[in-house]
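Residue numbers (the numbering used here), protein chains in the order written: chain A, 2 to 366; chain B, 14 to 307.
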């Protein structure tokens, strides 16, 4: 059933637009590639068409499900030649496309349909909770300002590393033979000076996952201050908040006044100060964001007390997936500041083997 | 199916590479459309092997550029041979040559060290297969540079001028997906994602690559691998591991899988500390039962 080219172009354009509707990035040049590929293959062979389109439209594994589904629809639409309205014309925006937390109506946590804050807000009540010393709310503005400076320094240390690439420098560094020789050639073979090179300091991406549940409440403000300080030194950082659901905060964070940003954030995060489901939230992070946001140069920082009432199995799985991909995984735990604290909370214990460093976040000593 | 694609698949099998139609189609399109092919997939699913097989099929040279973090132009493209230049410079001065003459002398092709990318576009005998391996390990800056080379297939060397490709090479890029490849580079290429093989395919691979293993052992190994990959692992074993393991078992003169043998050789298959630890004990028994039952 070789269709006339005009028909082919039309079908392909519809197909591409349906893919885009499902959040699959297909550009015009991809469409052109798709068309070129279709002219090279047997159009009567359904599987061959499917394989060629997958290759030419560059369908990644995470988009495969959407592609297969839409392709089945495209093919059946082509089979019924009379059908004027193939099902492709009304792409649905739901399905496995990425969740769009930014689109949530700001405000009322009760309005979150999928996430029912489980009753009995007891997560703050646990043996470890007794160990907490004082809330950062008690600090004076001068203390806060001093702390912000300290945090910025700490953030800078966490967020930088020497690059693997070498760039020319003056003064110190190893000898750069290539440049030295080049300059010597310019001077008739005399080495007047030796060029040097060194590794510049690089700023890898940070991904911060911040627990905002009830048991973290006294520390949340402090931790978010820290996160914002990090954001200022590492611009490519990504910030998520989680309690019973995961929310990507990055679009909501602007440099500037921290208290203002905090107010804005409080509106965005459903179930602020509610319970925690660390495992499920991290599993969601792994499913939707890990491939895109975390690579071998990324440092993942988790801010949480590890007090979770959910199943620990998803947490261990998620931590392992993160560990396998990230450069380093740091866990900042306000409870770890206490000398008597051991990572015995069940969730913390499950995550512990996959953490590079467990740091106290209660104070900065 | 187009005859050419079927023929390509068959030819690859003739070279010992069990290709499924998706692989043959992608390779066919990449050749016909003269576009680089970006192959992604877990480590050990046979990405690099495709380039080697293609080079053998086309009876041409395989030029390989292994990527790593910090890879730069002087390793990937070209470098001047400074020592020889310096030597020639001293001689030329003694001969009393003028400045311009000296310049022409020492910035000639003779003093240029060709690195893989330059070699790939200057090969005169015909288009080679250029394998850019593990592009995900290189950094963004190199990716941008590569995009330029792959778009125009020409290279500008300030002292020499622009060198155009004699023949456009067959380019294959591989990535283990430790990071996302930039959109621009992905658009420049055609794309193929290779999954772990199905049970049937893995048995066929074992038959082709380790024929001495025999029917029963091959079946058990393939089933064991399939059962393993159904578990949640940090590093799911690839076909490369399957073949290694089959060869190891042959050396030990094992004709079938039992617990003791598997425990002793599991390191051929699982190369992650956590995976190994979790699979000891009852879990291993379960996988083994799945592999040897039926």
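All C-beta atoms in this analysis are idealised placements derived from N, C-alpha and C, irrespective of residue type, glycine included.
Because the structure is a prediction, the values reported are computed rather than measured.
Handout entry: Min CB distance residue 297 (chain A) to chain B below 7 angstroms
Key = Looking up residue 297 (chain A) in the first chain gives position 296. Closer than 7 angstroms to some Cβ of chain B, the Cβ of residue 297 (chain A) qualifies, so yes.
Practice task
Might you give, ordered along the chain, the residues of its own chain that have their beta carbon closer than 6 angstroms to the beta carbon of residue 239 (chain B), omitting 5 neighbours on each side?
Solution key: Taking the first residue of the second chain as 1, we reach residue 239 (chain B) at position 226. Only 212 meet the Cβ criterion.
Problem - Pick from A:228, A:173, A:252, A:293 that is closest to residue 327 (chain A), judged by C-alpha positions - result: Taking the first chain and counting its residues from 1, the one referred to as residue 327 (chain A) is at position 326. Taking each of A:228, A:173, A:252, A:293 in turn and checking the Cα distance to residue 327 (chain A), the smallest one comes out for A:293.
Exercise for the section: Using a Cβ-Cβ cut-off of less than 9 angstroms, give me the residues of the stretch 31 to 50 of chain A that come near chain B, in sequence order. Expected result: 31, 34, 37, 38, 41, 42, 43, 46, 48, 49
Handout entry: With 16 other Cβ atoms within 10 Å as the buried cut-off, status of residue 69 (chain A)
Key = Counting from 1 along the first chain, the entry for residue 69 (chain A) is found at position 68. Around the beta carbon of residue 69 (chain A), fewer than 16 other beta carbons sit within 10 angstroms, so the residue counts as exposed.
Practice task
Counting only the same chain and skipping the five closest in sequence on each side, list residues whose C-beta sits under 7 angstroms from that of residue 304 (chain B).
Solution key: Position 291 of the second chain, counting from 1, holds the residue named residue 304 (chain B). Excluding positions up to five away in sequence, the list reads 233, 236, 237, 240, 270.
Problem - Complete beta strand (DSSP E) runs within the stretch 171 to 203 of chain A (minimum length 3 residues, chain order) - result: 197 to 199
Handout entry: Test: residue 52 (chain A) CB closer than 7 angstroms to a CB of chain B
Key = Position 51 of the first chain, counted from the first residue, corresponds to residue 52 (chain A). Chain B contact via Cβ: present.
Handout entry: From A:42, A:13, A:37, residue whose alpha carbon lies closest to that of residue 18 (chain B)
Key = Residue numbering aside, residue 18 (chain B) sits at position 5 when the second chain is read from its first letter. Of A:42, A:13, A:37, the residue nearest in Cα terms is A:42.
Exercise for the section: Starting from the beta carbon of residue 292 (chain A), find every residue of chain B whose beta carbon is closer than 8 angstroms, and list them in chain order. Expected result: Mapped onto the first chain, residue 292 (chain A) falls at position 291. What residue 292 (chain A) touches in chain B: 190, 193.
Problem - Identity of the residue in B:69, B:139, B:20, B:154 nearest residue 82 (chain B) by Cα - result: Here residue 82 (chain B) is taken as the residue at index 69 of the second chain, counted from 1. That would be B:154, whose Cα lies nearest to the Cα of residue 82 (chain B).
Handout entry: Proximity of residue 73 (chain B) and residue 141 (chain B) at Cβ, strictly below 7 angstroms
Key = Reading the second chain from its first residue, position 60 is the one you call residue 73 (chain B). Reading the second chain from its first residue, position 128 is the one you call residue 141 (chain B). Cβ distance < 7 angstroms, so residue 73 (chain B) and residue 141 (chain B) count as in contact.
Handout entry: Proximity test, Cβ basis, 7 angstroms: residue 82 (chain B) and chain A
Key = Residue numbering aside, residue 82 (chain B) sits at position 69 when the second chain is read from its first letter. Yes - at least one Cβ of chain A is within 7 angstroms of the one on residue 82 (chain B).
Handout entry: 7 angstroms Cβ cutoff, residue 63 (chain A) in contact with chain C
Key = Of the chains in the structure shown, none is chain C; the protein chains are A and B.
Handout entry: the stretch 41 to 58 of chain B in contact with the stretch 173 to 190 of chain B per 3-pair CB rule at 8 angstroms
Key = yes
Problem - Residue span of the beta strand (DSSP E) that contains residue 230 (chain B), given as start and end - result: Working through the second chain from its first residue, we reach residue 230 (chain B) at position 217. Per DSSP, residue 230 (chain B) belongs to no beta strand (DSSP E); it is in the alpha helix (DSSP H), 227 to 243.
Problem - Any chain B beta carbon closer than 7 angstroms to residue 325 (chain A) - result: One-based indexing of the first chain puts residue 325 (chain A) at position 324. So yes, residue 325 (chain A) belongs to the interface.
Practice task
Go through its chain and collect everything with a Cβ distance to residue 321 (chain A)'s Cβ below 7 angstroms, but skip five positions before and after it.
Solution key: Locating residue 321 (chain A) in the first chain gives position 320, counting from the first residue. Once the five neighbours on either side are set aside, the close Cβ partners of residue 321 (chain A) are 355.
Handout entry: Close Cβ partners of residue 86 (chain B) (< 8 angstroms) along its chain, the five nearest in sequence each way excluded
Key = Against the second chain, residue 86 (chain B) aligns to sequence position 73. Result list for residue 86 (chain B): 158, in chain order.
Handout entry: Bounding residues of the beta strand (DSSP E) (the contiguous stretch that carries residue 212 (chain A))
Key = The residue labelled residue 212 (chain A) in the question sits at position 211 within the first chain. Element bounds for residue 212 (chain A): 207 to 212.
Problem - For residue 53 (chain B) and residue 31 (chain B), the rounded distance between their alpha carbons - result: Start at 1 with the first residue of the second chain, and residue 31 (chain B) comes out as number 18. Start at 1 with the first residue of the second chain, and residue 53 (chain B) comes out as number 40. The alpha-carbon atoms of residue 31 (chain B) and residue 53 (chain B) are separated by roughly 17 angstroms.
Handout entry: Proximity of residue 151 (chain B) and residue 84 (chain B) at Cβ, strictly below 7 angstroms
Key = Position 138 of the second chain holds residue 151 (chain B). Position 71 of the second chain holds residue 84 (chain B). The answer is yes: Cβ separation under 7 angstroms.
Handout entry: Distance between beta carbons of residue 55 (chain B) and residue 189 (chain B), contact taken as under 8 angstroms
Key = Residue mapping note: residue 189 (chain B) aligns to position 176 of the second chain, counting from 1. Residue mapping note: residue 55 (chain B) aligns to position 42 of the second chain, counting from 1. That belief holds up - the Cβ atoms of residue 189 (chain B) and residue 55 (chain B) are roughly 7 angstroms apart, short of 8 angstroms.
Exercise for the section: Establish whether the CB of residue 278 (chain A) and some CB of chain B are separated by less than 7 angstroms. Expected result: Within the first chain, numbered from 1, the residue matching residue 278 (chain A) stands at position 277. Not one chain B Cβ lies under 7 angstroms of residue 278 (chain A).
Exercise for the section: Tell me whether residue 183 (chain B) sits in a helix, a strand or coil according to DSSP, three-state version. Expected result: Along the second chain, one-based indexing puts residue 183 (chain B) at 170. Strand at residue 183 (chain B).
Practice task
Report the three-state DSSP secondary structure of residue 19 (chain A) (helix, strand or coil).
Solution key: To locate residue 19 (chain A), count along the first chain from 1; it is residue 18. Residue state, collapsed to three classes: helix.
Handout entry: N- and C-terminal bounds of the alpha helix (DSSP H) containing residue 302 (chain B)
Key = On the second chain, position 289 is the one that residue 302 (chain B) refers to. Its alpha helix (DSSP H) spans residues 295 to 305.
Problem - DSSP three-state assignment for residue 86 (chain B), whether helix, strand or coil - result: Residue 86 (chain B) sits at position 73 when you count from the first residue of the second chain. The answer is helix: DSSP assigns residue 86 (chain B) an H, G or I state.
Exercise for the section: Quick one: list the residues of chain A neighbouring residue 35 (chain B), beta-carbon separation under 7 angstroms, in chain order. Expected result: One-based indexing of the second chain puts residue 35 (chain B) at position 22. The answer, in chain order, is 52.
Exercise for the section: Anything in chain B within Cβ reach of residue 174 (chain A), meaning under 7 angstroms, just list it in chain order. Expected result: The residue given as residue 174 (chain A) occupies position 173 in the first chain. In chain order: nothing, as chain B lies at least about 15 angstroms away.
Problem - CB contact below 7 angstroms: residue 153 (chain B) versus chain A - result: Working through the second chain from its first residue, we reach residue 153 (chain B) at position 140. Not closer than 7 angstroms to any Cβ of chain A, the Cβ of residue 153 (chain B) fails to qualify, so no.
Handout entry: Among B:61, B:39, B:25, the one whose alpha carbon lies nearest that of residue 221 (chain B)
Key = The residue you call residue 221 (chain B) lines up with position 208 of the second chain. Nearest of B:61, B:39, B:25 to residue 221 (chain B), Cα basis: B:25.
Exercise for the section: To the nearest angstrom, report how far apart residue 353 (chain A) and residue 36 (chain A) are at their CA atoms. Expected result: By one-based count along the first chain, residue 353 (chain A) stands at place 352. By one-based count along the first chain, residue 36 (chain A) stands at place 35. Distance from the CA atom of residue 353 (chain A) to the CA atom of residue 36 (chain A), rounded to whole angstroms, is 51 angstroms.
Problem - Sequence-distant residues of the same chain with beta carbon closer than 6 angstroms to residue 301 (chain A), five excluded per side - result: Taking the first chain and counting its residues from 1, the one referred to as residue 301 (chain A) is at position 300. Taken in chain order, the residues that qualify are 208, 323, 327, 330.
Exercise for the section: Could you give the DSSP three-state label for residue 59 (chain B): helix, strand or coil? Expected result: Counting from one through the second chain, the residue named residue 59 (chain B) turns up at place 46. Correct three-state label for residue 59 (chain B): coil.
Handout entry: Contact list for the stretch 60 to 92 of chain B against chain A, Cβ threshold 9 angstroms
Key = Of all residues in the stretch 60 to 92 of chain B, 81, 82, 83, 84, 85, 87, 92 have a Cβ within less than 9 angstroms of some Cβ in chain A.
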